[in-house]
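First up is the structure itself, then whatever we jot down about it.
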Amino acid sequence: MRVILAPMEGVVDDHMREILSAINPFDLVVTEFVRVVNILLPEKVFYKLCPELHHQGLTASGTPVRVQLLGQEPEWMAQNAIRAIELGSNGVDANFGCPAKTVNKSKGGAVLLQYPENIYNIVKAMRDAVPSEHPVTAKIRLGYEDKSLFMENALAVYEAGATELAIHARSKTDGYRPPAYWEYITEVRKRLPIPVIANGEIWNAADAQRCMDVTGCDSVMIGRGAISLPNLGDTIKTGASPFSWQQTLSLLMAYTDKELSGRKSDYYPSRIKQWFSYLNRQYPEADALFRELRVFKTTEEIVKVLQHAHRTLI
Numbered sequence: 001m002r003v004i005l006a007p008m009e010g011v012v013d014d015h016m017r018e019i020l021s022a023i024n025p026f027d028l029v030v031t032e033f034v035r036v037v038n039i040l041l042p043e044k045v046f047y048k049l050c051p052e053l054h055h056q057g058l059t060a061s062g063t064p065v066r067v068q069l070l071g072q073e074p075e076w077m078a079q080n081a082i083r084a085i086e087l088g089s090n091g092v093d094a095n096f097g098c099p100a101k102t103v104n105k106s107k108g109g110a111v112l113l114q115y116p117e118n119i120y121n122i123v124k125a126m127r128d129a130v131p132s133e134h135p136v137t138a139k140i141r142l143g144y145e146d147k148s149l150f151m152e153n154a155l156a157v158y159e160a161g162a163t164e165l166a167i168h169a170r171s172k173t174d175g176y177r178p179p180a181y182w183e184y185i186t187e188v189r190k191r192l193p194i195p196v197i198a199n200g201e202i203w204n205a206a207d208a209q210r211c212m213d214v215t216g217c218d219s220v221m222i223g224r225g226a227i228s229l230p231n232l233g234d235t236i237k238t239g240a241s242p243f244s245w246q247q248t249l250s251l252l253m254a255y256t257d258k259e260l261s262g263r264k265s266d267y268y269p270s271r272i273k274q275w276f277s278y279l280n281r282q283y284p285e286a287d288a289l290f291r292e293l294r295v296f297k298t299t300e301e302i303v304k305v306l307q308h309a310h311r312t313l314i
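Each residue of the sequence shown is one higher than the last, beginning at 1 in full-length UniProt numbering.
Here's what the structure looks like:
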């Protein structure tokens, strides 16, 4: 079994990858996407989004990190894929699943699911450019407005030479609303000879097991569930007990220290509130604490509330 931490734009940055990979035996973590247009991006862009490249493409705990690219031009996706590999990325991933309107308007992400031939051309260009010993992978949804092209898109990725395929079991129109349509992944897994990774509505170890039972996949990718239950990967892979609220609050304090000492300290209030929006699903205590801190706008006020709550539990 493999458990992979999903790319989540604006959520799973390098700080979050470091925090979560330290407490979970992830086999791989995937970065937020690098936006590719019609230029070979400078190295600093890759290092900013994936500082793990300075350390052989590994998190501090040794988990491999894979750079994800998002774009619609095969040539430039290929050139930037080579750069990611040369800088130390553990393979390179193509994003065909992002549902954001701004991305889709510029013909990137999930909008490409309407055009299997474009997906094929992009992946083929990346695969041809990247040395064969390095994985070239892709992540898709089941479709854009509907799921009618789910198999065509999966076949396009495979026939273009991808090493493996991750599938978020919803269309772009489905957004993140339950349910996840795992049965579509089952059909793809039966058809494709490459590894298929199942993603969508995995909130606990029981969900992961049901997903693998339905799809026949031996690999899962977890996103929102990993933010809601910080040690979800460990519970899936080793049977560990879910983190208590006290353990999770201690993790929040560790994350706070990293954010305040890092380049994104100005965004701390919005980032910590964003995390609480996920934690509320798992922990009633998170909902109560969020009601207290959500009225505050400054970092100092929010940190004070968290520190008081943490001292109370210790």
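From the three backbone atoms N, C-alpha and C, an ideal C-beta is built for every residue, glycine too.
It should be emphasised that the depicted structure is a prediction, and the values quoted were computed from it without experimental measurement.
Drop a sphere of 10 angstroms on the beta-carbon of residue i, count the other beta-carbons inside from all chains shown, and report buried for 16 or more, exposed for fewer.
| i | result |
| --- | --- |
| residue 164 | buried |
| residue 80 | buried |
| residue 156 | buried |
| residue 260 | exposed |
| residue 241 | exposed |
| residue 308 | exposed |
| residue 124 | buried |
| residue 115 | buried |
| residue 1 | exposed |
| residue 172 | buried |
| residue 284 | exposed |
| residue 57 | buried |
| residue 48 | exposed |
| residue 139 | buried |
| residue 89 | buried |
| residue 55 | exposed |
| residue 183 | exposed |
| residue 228 | buried |
| residue 191 | exposed |
| residue 59 | buried |
| residue 101 | exposed |
| residue 178 | exposed |
| residue 213 | exposed |
| residue 63 | buried |
| residue 351 | Outside the displayed span of the chain (1 to 314) sits residue 351, for which this structure offers no information. |
| residue 288 | exposed |
| residue 175 | exposed |
| residue 31 | buried |
| residue 127 | buried |
Chain D beta carbons: is any one of them nearer than 9 Å to that of residue i?
| i | result |
| --- | --- |
| residue 153 | Absence of chain D from the displayed structure is noted, only one protein chain being present. |
Thinking residue i and residue j are a contact (beta carbons under 8 Å), I'd like their distance in whole angstroms, please.
| i | j | result |
| --- | --- | --- |
| residue 20 | residue 53 | The pair is not a contact, with the Cβ atoms about 18 Å apart (cut-off 8 Å). |
| residue 36 | residue 77 | 6 Å |
| residue 256 | residue 306 | 6 Å |
| residue 200 | residue 180 | 3 Å |
| residue 161 | residue 189 | Contact flag wrong, Cβ pair sits at about 18 Å. |
| residue 23 | residue 230 | 6 Å |
| residue 296 | residue 280 | About 17 Å separates the two Cβ atoms, so there is no contact after all. |
| residue 25 | residue 207 | At roughly 18 Å, the Cβ-Cβ gap does not stay under 8 Å, so residue 25 and residue 207 are not in contact. |
| residue 33 | residue 74 | Not really, about 16 Å apart at Cβ, beyond 8 Å. |
| residue 72 | residue 108 | 5 Å |
Starting from residue i, trace the alpha helix (DSSP H) in both directions and tell me its first and last residue.
| i | result |
| --- | --- |
| residue 163 | Run containing residue 163: none; DSSP gives neither H nor E here. |
| residue 229 | Taken as a continuous stretch (DSSP letters only), residue 229 belongs to no alpha helix (DSSP H), as it is neither H nor E. |
| residue 16 | 14 to 23 |
| residue 96 | Premise fails: residue 96 lies in the beta strand (DSSP E), 92 to 96, not in any alpha helix (DSSP H). |
| residue 139 | That residue, residue 139, is in no alpha helix (DSSP H); its beta strand (DSSP E) goes 136 to 143. |
| residue 128 | 116 to 129 |
| residue 305 | 299 to 313 |
| residue 150 | 150 to 159 |
Just curious, the beta strand (DSSP E) that residue i is in, first and last residue?
| i | result |
| --- | --- |
| residue 38 | Residue 38 -> no beta strand (DSSP E), and no H or E assigned at all. |
| residue 78 | Careful: residue 78 lies outside any beta strand (DSSP E), inside the alpha helix (DSSP H) at 74 to 87. |
| residue 4 | 2 to 5 |
| residue 67 | 65 to 70 |
Three or more C-beta pairs closer than 8 Å, one from the stretch 67 to 81 and one from the stretch 93 to 103: is that the case here?
yes
Self-check item: Stretch pair the stretch 147 to 165 + the stretch 112 to 122: three plus CB contacts closer than 8 Å
Solution: yes
Any 3 or more C-beta pairs closer than 8 Å across the stretch 193 to 201 and the stretch 126 to 134
no
Practice prompt. Could you pull out every unbroken alpha helix (DSSP H) segment of at least 4 residues lying fully inside the stretch 205 to 284, listed in chain order?
Written response: 205 to 215, 224 to 228, 232 to 238, 245 to 261 and 268 to 282
Q.
Just to confirm the assignment: which complete beta strand (DSSP E) runs, minimum length 3, are found wholly within the stretch 172 to 204?
A. 196 to 199
* Asked: Are three or more beta carbon pairs between the stretch 37 to 45 and the stretch 273 to 288 nearer than 8 Å?
  -> no
Contact between the stretch 247 to 260 and the stretch 215 to 222: three or more CB pairs below 8 Å?
no
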